[in-house]
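Under our numbering, read the sequence shown as residues 1266 to 1461, first letter to last. Note that CB positions come from ideal geometry on N, CA and C, so glycine has one too. The structure appears right after this line, and notes come after that.
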Amino acid sequence: QSKHVILAVTGTEELPDTVRNLNGFDQRKYLAEKNIYKIVKVESMKVIEEIIPRHPVKMLEFFRRKFALYTTQTFPKFISLYIKSLFLGIKDTGFRQEKEVFEDLGMLYFFSISGMHIFSFVTVFRYIFRRFDVTLETIFWLELLFLFFIYIFAGRSVSVLRAVLAIAIQRSSQRFRWHLSALDVWSLTLLATLCF
């Protein structure tokens, strides 16, 4: 779905399942930790109103969904999975089905863990603005804005957060002459990620 809508839903409320086997999965306990205490079995659903988001984060999420839908409809399956994984951080059922192919190509680490693509995007972003003789101070603030955009657009995963924080701390160190070493940047990123 690429639209924000208000829905009228009819259904029945149920309690989540509890553990049935010794050391089995306890869905009720798991959901309670996320402050979810009941499940609604939907019987019917009706769109009442379509809404256009006004909040910047919601707008980015809206365009992210539209881009994901466009990618799925426009490109062949494998390329669509590649684009959605790399640019949007979406690893849906299609990605899980093709997981072995990504593992064979050695790209699963690249997608899921490293966040290296974020460094690539920011490097290209910086290079383009340097070519247009934009001042380093302006580039710094534009980069921070771009990093925020990437974090939301790439799905707000931990790997993306870690990469975004590392770049932001490193660029801030350069801009404000904090003289942080690579180990300092890594340590601060780790601390911030753990706190988050």
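- Counting along the chain, the unbroken alpha helix (DSSP H) around K1323 starts and ends at P1321 to T1339.
- Here the alpha carbon of F1328 sits roughly 40 Å from the alpha carbon of G1289.
- Rounded to the nearest angstrom, the Cβ distance from A1431 to V1450 is 6 Å, consistent with a contact under 8 Å.
- In this structure, L1353 lies near A1419, with their beta-carbon atoms less than 8 Å apart.
- A residue is called buried when at least 16 other Cβ atoms come within 10 angstroms of its Cβ; V1399 does not meet this threshold and is exposed.
- In the structure shown, A1419 adopts coil according to DSSP, grouped into three states.
- Taking the Cα positions, E1314 is about 29 Å away from L1280.
- Within the DSSP secondary-structure output, V1270 pairs in a beta bridge with E1315.
- Annotation: the stretch 1384-1451 contains the following complete segments of the alpha helix (DSSP H) (minimum length 4 residues), in chain order: 1401-1418 and 1423-1441.
- In this model, L1407 and E1308 are separated by some 48 Å (Cα to Cα).
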